[in-house]
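Peer 1: So the sequence lines, in the order shown, correspond to chains P and Z.
The first sequence begins at 156 in this note's numbering and counts up by one.
The second sequence begins at 42 in this note's numbering and counts up by one.
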Amino acid sequence: MFVRVQRLLVAGTLAAASALAPGGVLAQEAVKIGLILPMTGGQASTGKQIDNAVKLYMQQHGDSVAGKKIEVILKDDATLPDNTKRLAQELIVNDKVNIIAGFGITPSALAAAPLATQAKVPEVVMAAGTSIITERSPYIVRTSFTLGQSCTIIADWAVKNGIKKVATLTSDYAPGNDALNFFKEHFVAGGGQIVEEVKVPLQNPDFAPFLQRMKDAKPDAMFVFVPAGQGGSFMKQYAERGLDKAGIKVIGPGDVTDDDLLKDMGDPVIGTVTAHLYSAAHPSAKNKEFVAAYKKAFNQRPGFMAAGGYDGMNLIYEALKKTGGKADGDSLIAAMKGTAWESPRGPISIDPETRDIVQNIYIRKVEKVDGELYNVEFETFNAVKDPGKTKK
Amino acid sequence: MTSILTNLFDGVAYGMLLFVLACGLAVTLGLMNFVNLAHGAFAMAGGYVCAVLVNQRGWPFFAGLPLAFVASAAIGAALERILYRHLYARSHLDQVLFSIGLAFMSVAAVDYFMGSSRVFINLPPALEGQLDVFGVGVGRYRLMIIVICGVLTALLQLILARTRFGSRLRAAVDDPRAASGLGINVPQVFAFTFAFGCGLAGLGGALSAEILGLDPYFPLKFMIYFLIVVTVGGSSSITGPFLASLLLGIGDVAGKYYVPKMGPFVIYTIMIVILIWRPNGLFGRTAAR
Numbered sequence: 156m157f158v159r160v161q162r163l164l165v166a167g168t169l170a171a172a173s174a175l176a177p178g179g180v181l182a183q184e185a186v187k188i189g190l191i192l193p194m195t196g197g198q199a200s201t202g203k204q205i206d207n208a209v210k211l212y213m214q215q216h217g218d219s220v221a222g223k224k225i226e227v228i229l230k231d232d233a234t235l236p237d238n239t240k241r242l243a244q245e246l247i248v249n250d251k252v253n254i255i256a257g258f259g260i261t262p263s264a265l266a267a268a269p270l271a272t273q274a275k276v277p278e279v280v281m282a283a284g285t286s287i288i289t290e291r292s293p294y295i296v297r298t299s300f301t302l303g304q305s306c307t308i309i310a311d312w313a314v315k316n317g318i319k320k321v322a323t324l325t326s327d328y329a330p331g332n333d334a335l336n337f338f339k340e341h342f343v344a345g346g347g348q349i350v351e352e353v354k355v356p357l358q359n360p361d362f363a364p365f366l367q368r369m370k371d372a373k374p375d376a377m378f379v380f381v382p383a384g385q386g387g388s389f390m391k392q393y394a395e396r397g398l399d400k401a402g403i404k405v406i407g408p409g410d411v412t413d414d415d416l417l418k419d420m421g422d423p424v425i426g427t428v429t430a431h432l433y434s435a436a437h438p439s440a441k442n443k444e445f446v447a448a449y450k451k452a453f454n455q456r457p458g459f460m461a462a463g464g465y466d467g468m469n470l471i472y473e474a475l476k477k478t479g480g481k482a483d484g485d486s487l488i489a490a491m492k493g494t495a496w497e498s499p500r501g502p503i504s505i506d507p508e509t510r511d512i513v514q515n516i517y518i519r520k521v522e523k524v525d526g527e528l529y530n531v532e533f534e535t536f537n538a539v540k541d542p543g544k545t546k547k
Numbered sequence: 042m043t044s045i046l047t048n049l050f051d052g053v054a055y056g057m058l059l060f061v062l063a064c065g066l067a068v069t070l071g072l073m074n075f076v077n078l079a080h081g082a083f084a085m086a087g088g089y090v091c092a093v094l095v096n097q098r099g100w101p102f103f104a105g106l107p108l109a110f111v112a113s114a115a116i117g118a119a120l121e122r123i124l125y126r127h128l129y130a131r132s133h134l135d136q137v138l139f140s141i142g143l144a145f146m147s148v149a150a151v152d153y154f155m156g157s158s159r160v161f162i163n164l165p166p167a168l169e170g171q172l173d174v175f176g177v178g179v180g181r182y183r184l185m186i187i188v189i190c191g192v193l194t195a196l197l198q199l200i201l202a203r204t205r206f207g208s209r210l211r212a213a214v215d216d217p218r219a220a221s222g223l224g225i226n227v228p229q230v231f232a233f234t235f236a237f238g239c240g241l242a243g244l245g246g247a248l249s250a251e252i253l254g255l256d257p258y259f260p261l262k263f264m265i266y267f268l269i270v271v272t273v274g275g276s277s278s279i280t281g282p283f284l285a286s287l288l289l290g291i292g293d294v295a296g297k298y299y300v301p302k303m304g305p306f307v308i309y310t311i312m313i314v315i316l317i318w319r320p321n322g323l324f325g326r327t328a329a330r
């Protein structure tokens, strides 16, 4: 009789404990990351790369850190900033995520910024590249790049390498204008001359007339920024129009020769010189391992978007290690500031003042390596900060 | 001077391409009085069929093109029999809602099966690069488009004007009741015409992959262009949309070249001006219907 009661009591407490567990214990143990990416729509390739890289990182590093289980909730914003905002709100309010991350395009990152500030939730920008983003909220950290970083460097390089007349072709939206302005400023200051300036609509079906204008302007080189994904069609039409034979070189930030698409661009792209943060051909052990693992898992080459996603996850893991698992916004942001590590792209760090990325920018030339096209790095500019902020 | 000619050439090629893509829509809208906003989906289907055959199965490009036509025509014929014919007698609003829904479904389906990134069709080397004709740069691929589309247009005009089928079609359009009273199988004529229009769109889709780019959003991205061609050209003949396509193609290319800042607006400005001047389109019949 007595024994029975005791058993009942034990069973009862056990039941009570297990009933409490999902609410009580897990809420403390799990760190939720809301990953908002364009998985469909114009920038879907960006979303897929980042999603892949995040998965790969978690495969390699396990799904728990500092005693916390990491849980990623992926949402598709279809490249529409309105969706990004709604999804970010749902993730913060309903799913109670500790961190929001991803953001394929600048308007998406900006749309989520006020929410990050209000809810004190860190926003890890893994793709968007306009300079102003990190200034829009004290909770924004970036692991991708800013266009200013590559564009000022390619401008300086062009001046040094005897390119005097340049025609520019940039997509008509915030990052395109950023790219153009940073390039122009440095190139003109170095004594170069812009002979033609064309902004193409973002949803542009046909580059032909713009390219003809470039050709007729007879520049030494043309500076090109189109969003990752449009580079393929641009290079095809560039070759079709015979600009390569007319001796007009393509220079620009590396979006136009994104590793994602480079393989299928064909030989006319050989010789294109770009400045960028990541190449799948970066000769470091860390990168070789990253490329091999990525290829094995997803059967394609990682591009710079994948690097941004991979490093974003690393930043989150490192920050959690520093805080010992404390996952509130202020502690995480404080821990992220100044974090430095070896990324597949080379050594990088988070600027403690601007929360923006500091990284090497490489000058690369497209060459054929083992029968495949690669961006081969031949000059390095160390620890480049975002020129949009150092100016002030 | 040479750049003017190159631009003119590019414009004509672009216009011809628009025509092949849109003339099926002119037929369904103008001749059959059916608003088919899913027209671009048939073009996309043709493009993807050609891409799969050429890139994955290793077919030569010129064998893939007719297959794009056949596949789109077959899909068109099947859908016409299963879905479209029930809507002929319905209001235009019903037709618009139905067909736009179909367009969205096609976008989602292609995105699911083929992925959302842009697809290129491997071209034979003979079609790459530019020819130099008296100093004027002439793109080989665009030249091929002009040849193919020019021949098609001439054929279409001949079929419509000279053959028995053409006169049946015109009769069925002018007065379906009288035509069926004379023993013309009107539903069959419409079904055939619809399938043929879809086939042309499929061919256009395959041809445009190189120039306009082929991705799952094709039907939505270019719907506006097709509608402009049909509204500006008027939908009562083939010549109207043909000239409208050329006008828009040349206008668009010239606008982007000479006033790049205004580029994308030129084509819409042309449309507005023409529609104010002639509300039924350049060659529209005055509200006879």
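Heads up, the beta-carbon is just placed ideally off N, CA and C, and yes, glycines get one too.
Span of the alpha helix (DSSP H) holding P:Lys391?
Peer 2: 386–395
Peer 1: Can you give me the C-alpha to C-alpha distance between P:Phe419 and Z:Val160, rounded to a whole angstrom?
Peer 2: Per the sequence shown, residue 419 of chain P should be read as Asp rather than Phe. One C-alpha to the other measures close to 11 Å.
Peer 1: What does P:Ser200 reach in chain Z if we use C-beta pairs closer than 8 Å?
Peer 2: Ser157, Ser158
Peer 1: With 7 Å as the threshold, decide whether the Cβ of P:Gly397 is near any Cβ in chain Z.
Peer 2: yes
Peer 1: Among P:Phe342, P:Asp327, P:Arg291, P:Ile295, whose alpha-carbon lies nearest the alpha-carbon of P:Ala310?
Peer 2: P:Phe342
Peer 1: Considering only their Cβ atoms, is the gap separating Z:Ile200 from Z:Gly401 smaller than 7 Å?
Peer 2: One cannot answer for residue 401 of chain Z here, as it falls past the ends of chain Z, which runs 42 to 330.
Peer 1: Is P:Tyr529 helix, strand or coil when you go by DSSP?
Peer 2: strand
Peer 1: Scan the segment 389–457 of chain P and note each continuous alpha helix (DSSP H) run of 4 residues or more that stays entirely inside, going in chain order.
Peer 2: 414–417, 440–453
Peer 1: To be precise: take each residue of the segment 308–323 of chain Z, compare its Cβ to all Cβ atoms of chain P, and keep it if any distance is under 7 Å. Which residues remain?
Peer 2: none
Peer 1: Can you grab the Cα-Cα spacing for the pair Z:Met57 / P:Val209, in whole Å?
Peer 2: 46 Å
Peer 1: Who does P:Gln514 pair with in a DSSP beta bridge?
Peer 2: Note: P:Gln514 sits in a beta bridge opposite P:Ile503, P:Val539.
Peer 1: If contacts are defined as beta-carbon pairs under 8 Å, then P:Ile349 and P:Ala430 qualify, I think. What distance do you get, rounded to the angstrom?
Peer 2: Under the criterion of beta carbons closer than 8 Å, P:Ile349 and P:Ala430 do not qualify as touching, at roughly 18 Å.
Peer 1: Which word fits P:Val446, buried or exposed, when buried means at least 16 other C-beta atoms lie within 10 angstroms of its C-beta?
Peer 2: When all chains shown are included, P:Val446 counts as buried.
Peer 1: From the beta carbon of Z:Val294, is the nearest beta carbon of chain C less than 7 Å away?
Peer 2: The structure shown contains no chain C; its protein chains are P and Z.
Peer 1: So with CB distances below 7 Å, who are the chain Z contacts of P:Val513?
Peer 2: Simply none; closest approach about 31 Å.
Peer 1: Within the same chain, show all residues whose beta-carbon is closer than 6 Å to that of P:Lys251, passing over the 5 residues directly before and after it, in chain order.
Peer 2: none
Peer 1: Over the uninterrupted beta strand (DSSP E) stretch that includes P:Ala495, give me the two end residues.
Peer 2: That run of the beta strand (DSSP E) goes 495–498.
Peer 1: What are the residues of the segment 233–257 of chain Z that lie near chain P, defined by any Cβ-Cβ distance shorter than 9 Å?
Peer 2: Going along the segment 233–257 of chain Z in chain order, one finds Ser249, Glu251, Ile252, Leu253, Gly254, Asp256, Pro257 with a Cβ nearer than 9 Å to chain P.
Peer 1: Hey, P:Met369 and P:Met377: beta-carbon distance below 7 Å or not?
Peer 2: yes
Peer 1: Check whether the segment 233–245 of chain Z touches the segment 101–112 of chain Z, taking contact to mean three or more Cβ pairs, one atom from each stretch, closer than 8 Å.
Peer 2: yes
Peer 1: Does DSSP put Z:Phe263 in a helix, in a strand, or in coil?
Peer 2: coil
Peer 1: Measuring only the C-alpha atoms, how far is Z:Asp170 from P:Phe258?
Peer 2: For clarity, residue 170 of chain Z is Gly in the given sequence; the question names Asp instead. Approximately 38 Å between the Cα atoms of the pair.
Peer 1: Starting from Z:Gly178, trace the beta strand (DSSP E) in both directions and tell me its first and last residue.
Peer 2: 177–180
Peer 1: Give me the chain Z residues within the contact set of P:Pro364, using Cβ-Cβ distance strictly less than 7 Å, ordered along the chain.
Peer 2: Asn48, Asp51, Val294, Lys297, Tyr298
Peer 1: Using 10 angstroms around the beta-carbon of Z:Gly296, count the other beta-carbons present and answer buried if the total reaches 16, otherwise exposed.
Peer 2: buried
Peer 1: Tell me, to the nearest whole angstrom, how far the beta carbon of P:Pro507 is from that of P:Gly526; I am working on the premise that it is less than 8 Å.
Peer 2: Rounded, the Cβ-Cβ distance is 44 Å, inconsistent with contact.
Peer 1: Between P:Thr239 and P:Ala256, which are expected to be in contact by the criterion C-beta below 8 Å, what is the C-beta distance as a whole number of angstroms?
Peer 2: In fact, because the Cβ distance is near 12 Å, the residues do not count as touching under 8 Å.
Peer 1: Restricting to runs no shorter than 3 residues, where is the beta strand (DSSP E) found entirely within the segment 297–350 of chain P?
Peer 2: 320–326
Peer 1: Quick one: list the residues of chain P neighbouring Z:Ser44, beta-carbon separation under 7 Å, in chain order.
Peer 2: Gln367, Asp371
Peer 1: Taking a cut of 7 Å between CB atoms, which residues from the segment 89–111 of chain Z lie near chain P?
Peer 2: Of all residues in the segment 89–111 of chain Z, none places a beta-carbon less than 7 Å from a beta-carbon of chain P.
Peer 1: Compute the Euclidean distance between the alpha carbons of P:Asp231 and P:Gly484, then round it to the nearest angstrom.
Peer 2: 23 Å
Peer 1: Go ahead and pull the three-state DSSP assignment for P:Asp218.
Peer 2: Here P:Asp218 sits in coil by DSSP.
Peer 1: Is the segment 485–505 of chain P touching the segment 278–297 of chain P, taking contact as three or more C-beta pairs under 8 Å?
Peer 2: In the pairwise beta carbon analysis, the segment 485–505 of chain P is classified as touching the segment 278–297 of chain P: at least three pairs are separated by under 8 Å.
Peer 1: Going by DSSP in three states, P:Gly202 sits in which element: helix, strand or coil?
Peer 2: helix
Peer 1: Just curious, the beta strand (DSSP E) that P:Leu229 is in, first and last residue?
Peer 2: P:Leu229: member of the beta strand (DSSP E) spanning 223–231, first to last residue.
Peer 1: State the start and end residues of the unbroken alpha helix (DSSP H) segment that holds P:Ile288.
Peer 2: That residue, P:Ile288, is in no alpha helix (DSSP H); it is neither H nor E in DSSP.
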